[in-house]
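Notes for the one structure printed next.
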Amino acid sequence: MVEGGRGSANFRLVIKKGRVYVEKFRKSIQSRDKDWFKESQQGFKESSLAKQCKHRYKIYIEGYAWSVSEKYILACDSITFMVKPYYYDFFTRSLEPLVHYWPINDRDKCRSIEYGVQWGNQNPEKAQAIGRAASELIQEKVSMDYVYDYMFHLLNEYGKLLRFEPQVPAASVEVCSEGMACSGGGEDVLGLGLERKFMLESLVKSPSLSRPCEIGHPFESQELEKYYKRNLNTIRRVQKWESQYWQDFEKQG
C-alpha cells in the first residue's frame, strides 16, 4: 500500500530508529491563493500577523480543507468567530464555545456573524474575555515544548501499530536538523535571514533535562459524551439567541 502511493506522491518520508530519510520522486510545488513571492517583495505588508491582530473581531473559516491559520487567529487576543469546522487540528477539541470562541452557524454565516458583532458590541467585556482566554490557551498550552512532547507521544503510539519493518530506500538522503537549519540560507529578501534565525532558535542543542510530559488517561466514554454534549448545548443556545434576535428584528421592520 505504501509503494502504491509512488504514482501520485512527490516524495517518500521514512523514519527509522530516530533517523529521518527522504526519497524524492518528482519536483513538488506548493500552491497558495496568496502571492507569497509578491508579498516578500513588498515586505509582507498585506500578511503581517501583527497588523492582522489589530482587529476587534477575527473570523476563522476553512477552505477546501484544514487551515493553518486557526492557531494564529486564536492567538490574536480578539474574539474569534469560528465557522463550524470539519477538519480538526490537534488542539481543536480543547476549545470550548463562549469560552475560547464565538460559534458561527455554517448554514447561515452572514446573519450569524452579524449577530455575533451585535452581541460583542453590547457585551465588550465578555467578548474581550473570550479573546483573552483563546490567546492564553494558544500561548500557554500550545507552546513548542508541548508540541514536541505531543509529537513524541504521537509517533510512539503510531509506531506500536506498525505491522512491517520500515526500510530505508536506496535513493533516499538522510535529513538532519542541522542541515535543515543551514538550508534556510543566508539573508532572505528582507536582508534579515529570519528563516534561518527561527530554525536555529528551535534547534535542539542538547538533551532535555526533563522527561516528556505524561499523557493523561483517555476519557471514559461517559466523560467524553458529557463534554461533547455541554459544548453542543452551548452552541445550540447561541443559535437560539440568534433566532430570537432575527425574529424580533423582522417584527420591527
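The numbering of the sequence shown is the UniProt record's numbering, which starts it at 1 and goes up by one.
C-beta atoms are modelled at their ideal positions from N, C-alpha and C, and glycine is treated no differently.
Touching or not, the stretch 163-170 and the stretch 104-114, by the rule of three or more beta carbon pairs under 8 Å?
No, the stretch 163-170 is not in contact with the stretch 104-114.
Do you know how far the Cα of Y115 is from the Cα of A134?
Approximately 20 Å, taken between the alpha carbons.
For R19, which residues of its own chain have a beta-carbon under 7 Å away from its beta-carbon, when the five flanking residues on both sides are left out?
The residues are E174.
Cα-Cα, which of E225, Q128, T234 and D145 is closest to E201?
Considering only alpha carbons, the answer is D145.
Report yes or no: do three or more beta-carbon pairs, one from the stretch 230-246 and one from the stretch 88-103, lie closer than 8 Å?
Cβ pair count under 8 Å is three or more, so yes.
What separation, rounded to the nearest whole angstrom, lies between the Cα atoms of H55 and T80?
Taking the straight line joining both Cα atoms gives about 10 Å.
Since Y150 and F90 should fall inside the 8 Å C-beta cutoff, what is the C-beta to C-beta distance between them, to a whole number of angstroms?
Right, their Cβ atoms sit about 6 Å apart.
Leaving out the 5 sequence neighbours to the left and right, which residues in its chain are closer than 7 Å to Q139 when beta-carbon positions are compared?
Excluding sequence neighbours, Q139 sits near A75.
According to DSSP, is Q247 helix, strand or coil?
Note: Q247 maps to helix in three-state DSSP.
Leaving out five residues before and five after F249 in sequence, what residues of the same chain have Cβ atoms less than 6 Å from its Cβ?
Correct list: empty, nothing qualifies.
Helix, strand or coil: which one does DSSP assign to P124?
If DSSP states are grouped into helix, strand and coil, P124 belongs with the helices.
Is V22 closer than 9 Å to S172 when the C-beta atoms are compared?
Yes, Cβ-Cβ distance for S172 and V22 is below 9 Å.
Is the beta carbon of Y60 closer than 9 Å to that of V83?
Yes.
What is the rounded straight-line gap between the Cα of H153 and the Cα of L203?
Spanning the two alpha carbons is a distance of roughly 19 Å.
Need the endpoints of the alpha helix (DSSP H) that V142 sits in, please.
Counting along the chain, V142 falls outside any alpha helix (DSSP H), and DSSP gives it neither H nor E.
Suppose you measure from the CA of T234 to the CA of Y228; what does that come to, to the nearest Å?
Whole-angstrom Cα-Cα distance: 10 Å.
Tell me, to the nearest whole angstrom, how far the beta carbon of E62 is from that of Y86; I am working on the premise that it is less than 8 Å.
Right, their Cβ atoms sit about 7 Å apart.
Does the separation of the CB atoms of V14 and K71 fall below 9 Å?
No. Outside cutoff.
Compare the C-alpha of W66 against each of G43, C53, K51 and T92 and name the closest.
Considering only alpha carbons, the answer is T92.
Do you know whose CA, among S78, C53 and G159, lies nearest G120's CA?
Closest by alpha carbon: S78.
With DSSP collapsed to three states, give me the class of K24.
Of the three classes helix, strand and coil, the one that applies to K24 here is strand, per DSSP.
Considering only the alpha carbon of each residue, which of A170, S94, G179 and A129 lies closest to L224?
Of the candidates A170, S94, G179 and A129, the one whose C-alpha sits nearest the C-alpha of L224 is S94.
Bridge partners of residue 271, per DSSP?
There is simply no residue 271 to check, as the chain begins at 1 and stops at 253 in what is shown.
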